[in-house]
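Numbering (our numbering), first residue to last: 54 to 980.
Even for Gly, the Cβ is constructed at its ideal location relative to N, Cα and C.
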């Protein structure tokens, strides 16, 4: 039930709860001051969460209060709770940005449209509520959140995580051990526990008057200080028991006390009243008209509520509202199955066949017994409507229920496979696995078997467990045979992606076997996805046939993709494959163009998982250009998305190259240890990327032997992701340690591959390798060529490394003046980047030439948090606050809050001053 204003439950005054009251007061003060606050109250039934919501409402002066109580019978109605919550504000949807409005309208069934991305719905919710709060600060009170439908819970959790400076407060009450799937765990959670002994005694005296001391001790201890249990037990016990004359029950009926107490109260009511209560528990809480129409069909009169009101089960002021949410649950759970079916049948009969088609299908299902194809068909039709709204968990629930009423085993399996797919679309991999297990007995034929294997592989990918995925997909390819060449290619493409990630940890097959199958599986290509398909074919050829067979295919693919075509509706891992191909071609320009396009599309569509992958790819090209601060911003946004969505894969594992360059050894080694501990998950490529980062780190420290060991491991495995990038590191380490054979092997591979790639990066690295291994004056020519070529692209870090090595070579040849020029340029670059180890190495070399290199003091701009730097960077590029908010999935008021802090920290007063202050160029649109 939702209402504006305050509803105060009659009863004893609140006792204790000082910490909770202070937390609520802080939240209300923050909202009044223009900020936001979120508080999640968790605890067992009856512990006082609802009472605390009432307390907050009563003290929300100057705030508009909106309250929503979720109910168990509506848990399966996707976006149902969100619709009820937003109903007072839907007249404002015209102010939403186009994509947000379209997503919200589709989710709520207001207009027909493509399925809504659930995170774009969350962003629309955030924007809509923050707009409303700009007129009057808002306080939302959400009770019994464990009964929220998954889509509404996700939207509200997303909104709660993005609140910052929006004059909006949200207090959520959720019962322990039920629902929510951890969606609220990342918020400000406060566990509400039993009252302390002294406060429990005070509350008990309100409910029972004078109580014998020994009896009070037993009641307080037996209830654990649960307020509702104290009051209900005091009311249930006889006066003789409370005074100590008659013995108390032994043991006290505490474990199921509340349910038992309420069940006894209900059972004592007249049959007509009990049926009406069950109807109230099963009916939509915001549609009393439907409830009374169903009551009429059941022959119930309005007078039937009176005994329930007199017994304290229903409220006196609102006689169709239960006194406590737990009573509703107890009434519904305690009813006889036949009576529940009769009530649901009445509700189904009064549902509008068009407007309430989904509720009608659900009530029909709850009223049915055994197999019933008509009910199953209605549920399947409802599932399709849910899919069109983007309500995938609701779609899965309807399909699973449809399967329950389906007699034919194969048809039942089809519906369960569809349910598993819907669970995957909603991000619930465990539920998808359960649906697949239920479907297994009815699976017939290669097509269904292929679907099953593909989805089981996807479940594992969702859980970031990749070792068994390639073999699973290869089995699907074998079972499919020649029936569907396009599907075969899609399966091989997915198998190749998983095998590249697992690398040498693939189980049941091998990377080479998967790549060999994918390399020759070419078919008539759809022009819309030709670039994507060619890229995957090129990566397959790289593993199965060698670099010379892959580079031309990869080059053609990247030209298509960088030109803006051939991607199609690529899914999120595609950004990772693009990065792999670009690193193998030494093509940072193509990486930048394609990654930026993918990220822009992901932002526009609200595809947060896809965006998170694109951000990692963007972070890496920032590293190669020496923009380490900007890379940190990308990583921080990635972590922000992971926190907002619950996707796995966040944390320091992605920052290993950044840690290596910035000399953060403890963090680097901790991340490498975590990668080692993840071995059972099959992330072989991640382990090799860690070895590459360690080689980069050890070279910065001048520990060439250790660098050689790490680089050799990557060299021997030769993965597309870093197999080529490690080559100059291996040449350098080999020369420094006197391992001429190792250096020569790395140079030979460079000589073979760099001309095939043909990019300035490739040719610049080749020139550097030749310089490191050259004798006499030939080295100088190669060093100069390397510096010049690497300066042609966004490769400032690589160019600085080349200058450092050139300067070291010049110093050893006693050419101090020439050495100073290169070393000074290298030092200033590394120092500006924040590449601490390499800056120190360059500074040491400069000192050896007789020049003093002063350590630069930390710039003020580095005091900015990653989010502040991100906002500042976007403002410097000319984006408005609204545009920044849309890109970052926050509100414009939050952007303004961060910009104000940026101005204070940088000591500036105008947006025009931002680019210079943070060391970035960029057009600026105005103040």
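For residue i, the residue or residues it bridges with in DSSP
{"i": "residue 712", "result": "None, per the DSSP bridge assignment."}
{"i": "residue 221", "result": "89 and 191"}
{"i": "residue 795", "result": "For residue 795, which the question treats as bridged, DSSP gives no partner whatsoever."}
{"i": "residue 489", "result": "Paired residues: none, contrary to the question."}
{"i": "residue 820", "result": "The partner list for residue 820 (beta bridge, DSSP) is empty, contrary to what the question assumes."}
{"i": "residue 988", "result": "As displayed, the chain neither begins before 54 nor continues past 980, which places residue 988 out of reach and without an answer."}
{"i": "residue 228", "result": "96"}
{"i": "residue 367", "result": "375"}
With 16 other Cβ atoms within 10 Å as the buried cut-off, status of residue i
{"i": "residue 635", "result": "buried"}
{"i": "residue 71", "result": "exposed"}
{"i": "residue 968", "result": "buried"}
{"i": "residue 536", "result": "exposed"}
{"i": "residue 599", "result": "exposed"}
{"i": "residue 565", "result": "exposed"}
{"i": "residue 834", "result": "exposed"}
{"i": "residue 557", "result": "exposed"}
{"i": "residue 591", "result": "buried"}
{"i": "residue 308", "result": "Unreliable placement is indicated for residue 308, whose pLDDT of 46 sits below 50; the coordinate value is still reported in the next sentence. Classification of residue 308: exposed, given that the 10 Å Cβ count is below 16."}
{"i": "residue 407", "result": "exposed"}
{"i": "residue 953", "result": "exposed"}
{"i": "residue 447", "result": "buried"}
{"i": "residue 579", "result": "exposed"}
{"i": "residue 189", "result": "exposed"}
{"i": "residue 808", "result": "exposed"}
{"i": "residue 389", "result": "exposed"}
{"i": "residue 320", "result": "exposed"}
Nearest neighbour of residue i, chosen from the options [CA to CA]
{"i": "residue 943", "options": "825, 268 and 690", "result": "690"}
{"i": "residue 868", "options": "475, 902 and 219", "result": "902"}
{"i": "residue 683", "options": "284, 925 and 895", "result": "925"}
{"i": "residue 878", "options": "751, 856 and 187", "result": "856"}
{"i": "residue 957", "options": "930, 941, 627 and 921", "result": "921"}
{"i": "residue 331", "options": "121, 313, 164 and 361", "result": "361"}
{"i": "residue 491", "options": "458, 528, 453 and 499", "result": "453"}
{"i": "residue 776", "options": "742, 410, 316 and 594", "result": "742"}
{"i": "residue 396", "options": "376, 350, 379 and 425", "result": "350"}
{"i": "residue 353", "options": "381, 379, 340 and 324", "result": "324"}
{"i": "residue 117", "options": "77, 206, 220 and 150", "result": "220"}
{"i": "residue 269", "options": "241, 243 and 300", "result": "300"}
{"i": "residue 365", "options": "317, 436, 393 and 601", "result": "317"}
{"i": "residue 99", "options": "235, 242, 314 and 238", "result": "314"}
{"i": "residue 173", "options": "104, 191, 150 and 96", "result": "150"}
{"i": "residue 420", "options": "436, 430 and 402", "result": "402"}
{"i": "residue 222", "options": "235, 240 and 751", "result": "240"}
{"i": "residue 160", "options": "205, 179 and 200", "result": "205"}
{"i": "residue 919", "options": "960, 936, 253 and 971", "result": "971"}
{"i": "residue 526", "options": "503, 836 and 539", "result": "503"}
{"i": "residue 586", "options": "549, 182 and 258", "result": "549"}
{"i": "residue 327", "options": "391, 225 and 384", "result": "384"}
{"i": "residue 297", "options": "263, 822 and 129", "result": "263"}
Supposed contact pair residue j and residue i - C-beta distance, whole angstroms, cut 8 Å
{"i": "residue 555", "j": "residue 735", "result": "4 Å"}
{"i": "residue 523", "j": "residue 573", "result": "The pair is not a contact, with the Cβ atoms about 17 Å apart (cut-off 8 Å)."}
{"i": "residue 983", "j": "residue 495", "result": "The shown model of the chain, from 54 to 980, leaves out residue 983, and the question about it has no answer."}
{"i": "residue 745", "j": "residue 725", "result": "Residue 745 to residue 725, Cβ: 11 Å. No contact."}
{"i": "residue 211", "j": "residue 119", "result": "Rounded, the Cβ-Cβ distance is 18 Å, inconsistent with contact."}
{"i": "residue 801", "j": "residue 787", "result": "That pair is no contact at about 12 Å."}
{"i": "residue 889", "j": "residue 715", "result": "6 Å"}
{"i": "residue 780", "j": "residue 803", "result": "5 Å"}
Closer than 7 Å: residue i CB and nearest the ligand PLP heavy atom
{"i": "residue 221", "result": "Questions concerning the ligand PLP fall outside what the structure shown contains, since it holds no ligand whatsoever."}
query: Between the segment 77-88 and the segment 165-185, are three or more C-beta pairs nearer than 8 Å?
result: no
The segment 666-686 in contact with the segment 833-852 per 3-pair CB rule at 8 Å: yes
query: Should the segment 501-520 be called in touch with the segment 724-742, which here means at least 3 C-beta pairs below 8 Å?
result: At 8 Å Cβ cutoff, the stretches touch.
query: Would you call the segment 737-744 and the segment 758-772 touching, i.e. three or more CB-CB distances under 8 Å?
result: yes
query: Does the pairing of the segment 263-273 with the segment 109-124 give three or more beta-carbon distances under 8 Å?
result: no
- request: Say whether the segment 494-514 touches the segment 525-542, bearing in mind that this needs 3 or more beta-carbon pairs closer than 8 Å, one atom from each stretch.
  value: These segments touch.
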